[in-house]
Structures are given as structure tokens and as C-alpha cells.
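Chains as they are written, first to last, in numbering that gives the first Met the number 0: chain Y, 0 to 312; chain B, 0 to 497.
Here a beta-carbon is modelled for each residue, glycine too, at the ideal position from N, C-alpha and C.
Below you'll find the structure, written out as C-alpha cells, and then a few comments.
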Amino acid sequence: MMLARVADSLYWMGRYIERAEHVSRLSDVMLTASLDATGDAPRAARTALGAPEDIDEGKTAVDVALGLILDREDPGSVIVSVARARENARQVRDQITSETWERLNLLFLRITSPDAKRQFDQRAVTFLHEVISDLHLFKGAVDSTMSHGEGWRFLMLGIYLERAQLIARLLDASFGEAAQGSPLSDHLSQMGLLRMACALEPYLRVYTADIQPRLIQEFLLFNEDFPRSIRFSTARIEEHLRALAGHGNVQASGAPERLAGRLSSRLRFADLEETATSGAGGLLATVSQDCGRIHEAIYGAFVAYPLEQHLPT
Amino acid sequence: MDDRETLDRPLSAAYRPGVAYDEMYDKDAGVRAHYAALQSRISTLGAGELADRQRTLEQSFLLQGITFTVYGAETSTEQIIPTDLFPRIIPAAEWAKIEAGLAQRLQALNLFLADIYGDQIILKDGVVPRDLVLGAPAYRREMQGLYVPHKAYANVCGSDLIRNEAGEFVVLEDNLRVPSGVSYMLANRDAAKRTFPGTYRTSGVRSIERYPDMLLATLKSLAAEWRPNPQVVVLTPGVYNSAYYEHAYLARLMGAPLVEGRDLVVHDNLVYMRTTVGLKRVDVIYRRVDDDYIDHLTFRRDSALGAAGLFNAYRAGNVVIANAPGAGVADDKAVYAYVPEIIRYYLDQEPILSNVETYLCREPKQLGYVLDNLDKLVVKAVGASGGYGMLVGPHASAEERSDFAQQLKADPSNYIAQPTIQLSTAPCLVDGAIEPRHVDLRPFILCGDKIVVTPGALTRVALKRGSLVVNSSQGGGSKDTWVLTGENETTAAGDLPA
């Protein structure tokens, strides 16, 4: 049992943290990839970030990355995500451990410091690595100091829902409809894509250096053990919702669990043979839509439920 | 004294206490015995080392989020509440008197509150003027005749004490509404343990770490009679309140939910909070929201910080609000002048701690004196706080004084006056040098089924040279306060003020 507002804040804290990490990593890979004259990875990254039009404006990769990281006006930027995560953390300061709070606060202070732009200008990639590593330390503090109870589960739900949607969008931008008929085809770009999902090394261990679009999609969609695959994420979402349904409002709390179970099973039993005929696009769209439905169901069950159901009669 | 031989000369050369009482040095510039250990430790540390420790201290405050936000044109920045690394030390014998005095005072003030919200016998007896109490801005007619558990109206009290030129602790203000600062007291202690671990260990400092559980026990005792295991919550105005850090801190250390008005629902005079599993009953609300804002149906209508219907639930006896609404009438600046009489009236005892001499401008004779001596006095508006509506005579121009005199004559009952007091000074690290700065003392007292005085305090510091204003809104900072157990003390009786 916890305050509905607190559950909401923890959930959003998770979402913003995951978003900040994802955008930081995409920026990092885009910057590195732009050093090579060839390759479509930067384009895919920009598409996945919803900013393909920047290409037309003749912005350099560094300009784009700077905006993605430090632009306070851009609602998707890392600085905005971190600030919002911290704002949510501050609202539930009594519910998270000091270790967790201090990690996030440290990152916030680093990224909002007046010196941040200078540091980025001088050593952009190092700066991004430090941000990502701060986010990993934060997640480590969450895992190792917070009780793995209700509050922690809301936080993890936020992380995995955001992650499933982000990876789905990245795959779509690389191979799906958003790639607009020009899927990533060269080796370098495909390696870049795996890096954006933090998946290169785990992929190599499974498939060796044989990098193919079909295998990349198989790995990021269906791998059971890789923490950034969609299947892994949806399995965790289902798991957390099942645990939460145990204490939830019995009538309504079954809804998000049912939705999550359906999505998770779909990913467990689907494979690329099935999607090969129609392309992965259909499945990716389903993932995206279902995550949206789960989000709404979580609200209906735990946060914004109608009071009338609960007043003593 | 030998101690002076070991002084770190470059650092302490600048240390020149003025006419005020100095906490560390006596009149002959000898180190007071209870400061000897700290002083000799400081003297082994150079300026660089002290600056390092100060930086570490500030960094840890920043990291913990003990900050307030400064909103600028384009960006907002986080600033820490200024904090000084040298603890202020109070010997056991002096503390014993403060402790007894504070307990006596709060006991009397709670009896006073129970009386004026009950039969008003003290008013009938003419000890305190009726119109002064019933006309005070903090008096709440709605509280008349209500049941209050243990007759404890003020459950958390943060009194402001100062030490005058003679070295005597006197009470400047009783704070019975929503006193803050206790989290800084605890954070300063954490920091001091890291800054001077050896000195802390050998000095025999009384522990304050139990404040959160004592607070929880106090709050629970208010509902114990009718709810065996009461649900306690902390009510905050929200994340933008300047004391939000403290609200979250206390909630976390008590293990109580930190709620906002929008989390509360009142139905059939019962108070609930919205949780992930539906509505859960709330029994005790430690509110950090002013009286005016707790229930817009009863008090201010433009407020959204409280919960609609909360006061009715309180009136019905279904929830406890701590401190009780209306408790502030007992810390009214005009009522303050009567506190010594109030103590004598209810307890038949002499006050252990003195008041600062106070002139009530509502009395024609005293008004005459105040008008004749405006250049020596501090004049305060009764209803105001935080340094507003105030004239500091010695620092004001002749024109300001004559303007203020007009205001005084127009509405004398709205003002009180007090002599300007030189607060005591304590050593602080300022721009790399150790310098005296004026300090006050805010101890915290709890009152539920019994009174508990926390053996420590927040020492507030006026960081500007010569300034007597310690408020954090006006450039004040704070430092840790060590109350000694007495077991390790070598204090000679002659060292204490008479």
C-alpha cells in the first residue's frame, strides 16, 4: 500500500531515467558513427529520436547531439528527462533511499551545471559516457538499496515500458516503415544500431560477427536473456504487474496484468518466420500500442481510479 | 593560558570578539574550558585544511539536496543553506537550566491554550487582557470548546533563545505553529561527526539522533486512546515549499507517508488518503501547513493546500491535527510579554528562563517610553514575522523613526518594543579566517503525553559581519550545536555565567 501519487511519481521517474539513458546512448553512437563518411546509422538514430528534419537544416552531428543532451526547450532532451526524473524523485524523497537519491541528484547537478556545455564541447563522447555511467550507478543503487516491494515495482514498470517502446521505435526506424523504404543495409550501420541498443557484445556472443538485419531483429525482439530485448522487457512488465495485482484493487488491477500477459505471450511464441511474411512492422506497432494500453490500464487500476468504488458505504 | 600559545596565529589573529558575549573566549581572551578540545583541534589544522573540510561539508549538503532553488532569468540553480563547520558548544550545567526552562514554558503555554479555548479563567481573572488574546490574529474561534488529546495544543515547539551581553540565555520568541529547522539540526550533526570525529568522540556530546522516533511517539500518543495503531502522516504544502526538504526528511525517518492536500479525501467526517489499493484511514496529521490553509471550507477559501472538510473531521474527533489549529495565539508577540505571568499563574513557579524586556505599546505609559526611546529599541508589529513591519531603532534614520512613530501612534496595540540586544558570538569560518559571528539558539521541544526537550538545537548564524539577523531569508546560516553530557567536562564553576 502506498500513496497513488507516489506510485505515479516512481513510475514516471523510471520512464524518464530510461529515456535519458536511451537518448544519451543514441547521441553517443551517432557522434562516433558520424566520424565515418559512410553509413546510415546517424539517420536511423535521428529518425528513432523523431528528428529526421534536422538533416535538412544542415546541422552537424555535434549540433544535433548538443541539442539532444542540453537543450532545455526540447522535451525529449536528456537534461529535461533528468530534471523531470529528479523532480519526481524529490516528490517521493521519503520513499526512495538516500543512496538512490544522491546518485540521481549528482547526475542532475552535473548536467545542469553552468560548466556542462563547455565540458560537452571539449569532450562530447566522454561527457556522454559519464552521463550513461551515472545512470547505471543510479539503477544499481535502486536495485541494491531499495526494498523490492511495491514502490520499486512501479519504478521498474516505468523503466521497462519505456524501454520496450524505445527499442520498438528504434527497430522501426532502422528496418520498418519509419525507415521509409531504405532499411539499414551496410555492416557499419548495423553495428551502430546494435550499439544504440547496448547490444553489440551480447549479440556477438550469440550470433558471432555475422551481422544480419534478420538476426538483429530476432535478437532485439525475441531474445529471452538480453535485458534490452522487447521480449525481456514485456516479461518483466508482466511479472511486476502480476505482483502488484496481488495487493491492488481486485476489480481493476487485473486489467493491466491481462494486457501485459497477452503481449508477453505474443513475443514468447512469435518468431521471425511468422513476421517474415508481413515484416516486423506489424509486431512493432502492436508492441507500441499495447504498451500504451498497459500504461492507461495502470492508471485506471492504481492511480486515477474513481473514488466512488472505494468509499465505505 | 597555555591554550593561547597553541593558537593557529594566522587564522585566529582576526578573531576579535566585540561587546557581545563570546561563546569560545572569555573576557580576557582565554578559551572557555568546554571549548578547549575543539580549539586545540582547530589550531592543528591550517587554513587550507579547514577550507577543504568546509568544501566537503558543502558538497555533502548539495548532494543530499539540502538546498533551496534560486530562480533566475533563464535557469534555476540550487543553493545550499549556508552552514558553518565549527560546532557551537553548550556545557551540561547550562543546558540543564535551558531544558528545565523550556519544559516549564511549554507546559504553561499548553495550559494557557487549554484555558483560553476552554473556560477562559485566566481572562476572567484579568491576568492577561481579554481583547489582547481574543483579538490576536492567530486566535481561532473555531477551536473553542474542542477536545484536544492530553490538552497538548502545541506538540512541536521551536523556541528562539538568545544569549545576552551578560551571558544569560533568554527567550526571544516561542514558536508554536509550524517551526522548522530540525532537519538542519540533524544534518549539521551528521556533518560535524565527519568534520571533527575525534573531538566529537572525546567531548561527550549528547545524541540527538532519536528526534524522529521521539516525534513519531509524540504523534502516536495523541491518538493512542482511540486508535491502537494510528496511521500518522506528514502533510506538506508540496515540493515548492522552502521547507520541503525537511518535510520529506521527517517523513522518511519516521516511516510515515508524506501527503499533500490532494492525496487526502474527507468522507463522513473521516479522513482518508488515496493509495494504490484504495482509500486508507488517516489518524494523525503532522501538518506543515499553516492554520489558514488546512481546510478551505473552514479557513481561507483561496487555498488548495489542505483538504476540504478536514476541520470538521477534526471537530468530530476523528483525526488529530498537530500542532492544533490556533496554537499560534500563545506565541503572539503581545501575549509573549505575559508569559512570565502565565507561568506563575498556572504553575505557581518562577520562570526559569527570562523573557527579553518587552514594552506593550497598547499601554499608554509604555507607549510614551517607546516613543521617547525609538533610537534604542527594536519595534515589531504583533501580527508580523520574519523581520517584516519592524523598526531597528539604532540602525534607522531620523526620518524613518519619525515615520514609524506616526504608525505607532495611529495603531499602538499593533506594536511591541524591545531593547536592542547584542546576541552572543561564536567562531565561524568566513573567507578563510576564523571570525566571530552573532548566533541564536533554536531548541526543539515535543509535547504529547509528556514533554521531551531534544538535547541539541539549531544554532543560527548571522553570517554578515556585525549583523544581528539570523533568518535564513536574510543571509543567515547555521551550525551544529553540541550539548555536553558533562562527564568529560573540566568546566570550572567560575566559567559559567552567574
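- Excluding the 5 residues flanking it on each side, I210/Y has same chain C-beta neighbours closer than 7 Å at H186, Q189, M190, in chain order.
- Close to chain Y, meaning a Cβ-Cβ distance shorter than 7 Å, are the following residues of the region 230-250 of chain B: V238, A247, A250.
- Within chain Y, the residues L2, A3, R4, V302, Y304, L306, H309 have their CB atoms less than 9 Å from the CB of R273/B, given in chain order.
- In the displayed model, M145/Y falls within coil according to three-state DSSP, outside both helix and strand.
- Boundaries of the beta strand (DSSP E) around Q417/B: 414-418.
- E149/Y is the residue among T125/Y, E149/Y, G281/Y whose C-alpha sits nearest the C-alpha of M0/Y.
- Proximity to L37/B across P350/B, V169/B, R200/B, L304/B peaks at R200/B, based on C-alpha coordinates.
- In the DSSP assignment, T96/Y forms no beta bridge with any residue.
- With a 10 Å radius around the Cβ and a threshold of 16 neighbouring Cβ atoms, N354/B comes out buried.
- Apart from the 5 residues on each side of it in sequence, D133/Y sits with its Cβ closer than 6 Å to the Cβ of L106 in its chain, given in chain order.
- Here G180/Y is exposed, its C-beta having fewer than 16 other C-beta atoms within 10 Å.
- If you draw a straight line from the Cα of R162/B to the Cα of N104/Y, it is about 39 Å long.
- For the region 100-126 of chain Y, the beta-carbon criterion of a distance under 7 Å to any beta-carbon of chain B is satisfied by W100, E101, N104, L105, L108.
- Secondary structure note for D114/B: its alpha helix (DSSP H) is the uninterrupted segment 91-115.
- In summary, A208/Y is exposed, with fewer than 16 beta-carbon neighbours lying within 10 Å of its beta-carbon over all protein chains present.
- Beta-bridge partners assigned by DSSP to R459/B: S477/B.
- With respect to chain B, the C-beta atom of Q164/Y has no partner C-beta closer than 7 Å.
- Contact annotation: V126/B and I115/B have beta-carbon atoms that are not nearer than 7 Å.
- When DSSP states are grouped into helix, strand and coil, D21/B belongs to the strand group.
- Around the CB of A140/Y, 16 or more other CB atoms lie within 10 Å, so the residue is classed as buried.
- At least 7 Å separates the beta-carbon of R227/Y from that of L258/Y.
- Of all residues in the region 277-299 of chain B, only G277, L278, K279 come within less than 9 Å of chain Y when Cβ atoms are compared, listed by chain position.
- The CB of R89/Y comes closer than 9 Å to the CB of G64, V238, Y243, Y244, A247 in chain B, given here in chain order.
- Its Cα nearest to that of A153/B, the residue I450/B stands out among I450/B, T458/B, K463/B.
- Residues of chain Y whose Cβ lies closer than 7 Å to the Cβ of V258/B are, in chain order, L2.
- Among the CB atoms of chain B, one or more fall inside 7 Å of the CB of D93/Y.
- Taking a Cβ-Cβ threshold of 8 Å, the residues of chain B close to E149/Y are T275, in chain order.
- When the Cα atoms are used, N109/B and L309/B turn out to be separated by approximately 23 Å.
- Distance check between R54/B and each of R280/B, T194/B, A113/B places T194/B closest, using alpha-carbon atoms only.
- In the three-state DSSP reduction, M1/Y falls in the coil class, being neither helix nor strand.
- Boundaries of the beta strand (DSSP E) harbouring L269/B: 269-274, taken from the DSSP string.
- Neighbours of L61/B across chain Y, judged by C-beta separation under 7 Å: L108.
- At least one CB of chain Y lies nearer than 7 Å to the CB of D262/B.
- Under the three-pair Cβ rule at 8 Å, the region 403-419 of chain B counts as touching the region 368-380 of chain B.
- With respect to chain Y, the C-beta atom of H266/B has a partner C-beta closer than 7 Å.
- Remark: C-beta atoms of A19/B and T484/B do not approach each other more closely than 7 Å.
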